[in-house]
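Here's the structure we're looking at; comments come further down.
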Amino acid sequence: MSNIIRLLPDHVANQIAAGEVVQRPASVVKELIENAVDAGATEIKLIVKEAGKTLIQVIDNGKGMSDIDSRMAFERHATSKITMAEDLFALRTKGFRGEALASIAAIAHVELKTCEAGADLGTHLIIEGSKLVSQEEAVLIKGTSFSIKNLFFNIPARRNFLKSDTVEFRHVVDEFERVALAHPNVHFILLHNGSEMFNLPESNLRQRIVNVFGPKTNEKLVPIKETTEIVSIEGFVGKPEFAKKSRGEQFFFVNDRFIKSAYLHHAVLNAFEGLLKEGTHPSYFLYLTLPADAIDINIHPTKTEVKFDDEQALYAILRAAIKHSLGQFNVAPVLDFQR
Ligand code: ADP
Ligand code: MG
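Residues 1 to 339 in UniProt numbering are what the sequence shown lists, from first letter to last.
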């Protein structure tokens, strides 16, 4: 008889999980910004150097952490956001898996400074490759700052696999834009190699879209609004004449979370039928709100996929809402009558 099965040590398990959660600097950006949103921050500043390869820092003015929590936060499956399985179907937060910080700390050098409201002192902590290097009290203002350096320092294959700074920074901006578009009421700033790339003041949905994509966007937007028992839909589609050859400005948000859905994308294209020049793609910014128990977000670690209870109804409602608005805004040509 030979018993050869062992439980892996935590730091090994964390490194394996990290492979799924952290693909590139942009994945770290997503996790840290979402944590800042979950912490109730009204201002979130992202500082990136060399597309995040040398530094990713997120500074927020959210609720901060106690010194014990600031260590707990790096344990696997450690979260303040859910306590039982049922909570998965009543989610109000971006996070719930409790594995992002454990994963990031397993494959990078992490410095955390955090202070709770009303506390005299905050805490300053350094973790490298899952090992606590130091923790001290520090005089800090309320909020949290995470600095991530030397990403993938202990996984050379991953580090070598990273693309050029231009490509990696594009991914960082994508993640930044997605969270910024999902939360127009939060002030977001992005600095890259010392230059300010975005400074998005607290605003409404339309203004946030315009601030992200430029002043010319304003005249292109057709508002969409629909409320049914199944879903409420809000947002904008781009007028058909502004549709572009390249895909890109196409965003679905479900309960304030950016998601990808080929099925719902099809519903939008279907609503535009007969209005688009061949080979062009309409832009859209569509915000769907559903009861938390009508969706399942726990499909994939990055949570960009969602399962809907009633996908077909959603398709029909979305398509009809867009068709209606396109018609109302007089952008539907006579083509509609020819069928
Ligand atoms: P999750 O977000 O799924 O809970 P994470 O590993 O991302 O898991 O974070 C673990 C915990 O650390 C969170 O549940 C939260 O309590 C705490 N935390 C992380 N980031 C922040 C932050 N910026 N401000 C306050 N608390 C935070
Ligand atoms: Mg998180």
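Beta carbons: idealized from backbone N, C-alpha and C, even for Gly.
I need the DSSP call for residue i, collapsed to helix, strand or coil.
i: residue 23; result: coil
i: residue 289; result: strand
i: residue 197; result: strand
i: residue 6; result: coil
i: residue 413; result: The chain is shown from 1 up to 339; residue 413 falls before or after that span and cannot be answered.
i: residue 177; result: helix
i: residue 339; result: Since pLDDT at residue 339 reaches only 41, below the 50 mark, its modelled position is unreliable, and no value is offered.
i: residue 166; result: helix
i: residue 334; result: Below a pLDDT of 50, predicted positions are generally treated as unreliable, and residue 334, at 46, falls in that range; no measurement from the model is reported.
i: residue 77; result: coil
i: residue 300; result: coil
i: residue 260; result: coil
i: residue 14; result: helix
i: residue 222; result: strand
i: residue 89; result: helix
i: residue 245; result: coil
i: residue 217; result: helix
i: residue 29; result: helix
i: residue 205; result: helix
i: residue 128; result: strand
Relative to the alpha-carbon of residue i, which residue among the options has its alpha-carbon at the smallest distance?
i: residue 26; options: 175, 34, 224; result: 175
i: residue 294; options: 128, 89, 278, 256; result: 89
i: residue 153; options: 45, 18, 100, 116; result: 18
i: residue 279; options: 325, 244, 169, 166; result: 244
i: residue 78; options: 10, 50, 86; result: 10
i: residue 92; options: 105, 39, 71; result: 39
i: residue 59; options: 132, 291, 43, 50; result: 43
i: residue 283; options: 160, 226, 303, 219; result: 219
i: residue 177; options: 166, 190, 165; result: 190
i: residue 104; options: 242, 55, 8, 274; result: 55
i: residue 159; options: 108, 4, 146, 207; result: 108
i: residue 287; options: 41, 258, 45, 35; result: 258
i: residue 186; options: 172, 161, 251, 207; result: 207
i: residue 166; options: 248, 4, 48; result: 48
i: residue 14; options: 98, 163, 81, 214; result: 98
i: residue 112; options: 301, 126, 121; result: 126
i: residue 151; options: 46, 52, 277; result: 52
Can you name the start and end residues of the beta strand (DSSP E) that residue i belongs to?
i: residue 283; result: It is not in any beta strand (DSSP E) - residue 283 carries neither H nor E in the DSSP assignment.
i: residue 134; result: 131-138
i: residue 145; result: 143-149
i: residue 232; result: 232-238
i: residue 252; result: 250-254
i: residue 58; result: 55-60
Taking the continuous alpha helix (DSSP H) assigned at residue i, which residues delimit it?
i: residue 314; result: 311-328
i: residue 156; result: 156-161
i: residue 44; result: No alpha helix (DSSP H) contains residue 44, which is instead part of the beta strand (DSSP E) from 43-49.
i: residue 103; result: 100-106
i: residue 68; result: 67-72
Given a cut-off of 8 Å on the beta-carbon distance, is the pair residue i and residue j in contact?
i: residue 262; j: residue 322; result: no
i: residue 62; j: residue 143; result: yes
i: residue 316; j: residue 255; result: no
i: residue 221; j: residue 212; result: no
i: residue 124; j: residue 102; result: no
i: residue 205; j: residue 268; result: no
- prompt: Per the contact definition of three or more C-beta pairs closer than 8 Å, is the stretch 224-234 in contact with the stretch 307-315?
  reply: Segments in contact, yes.
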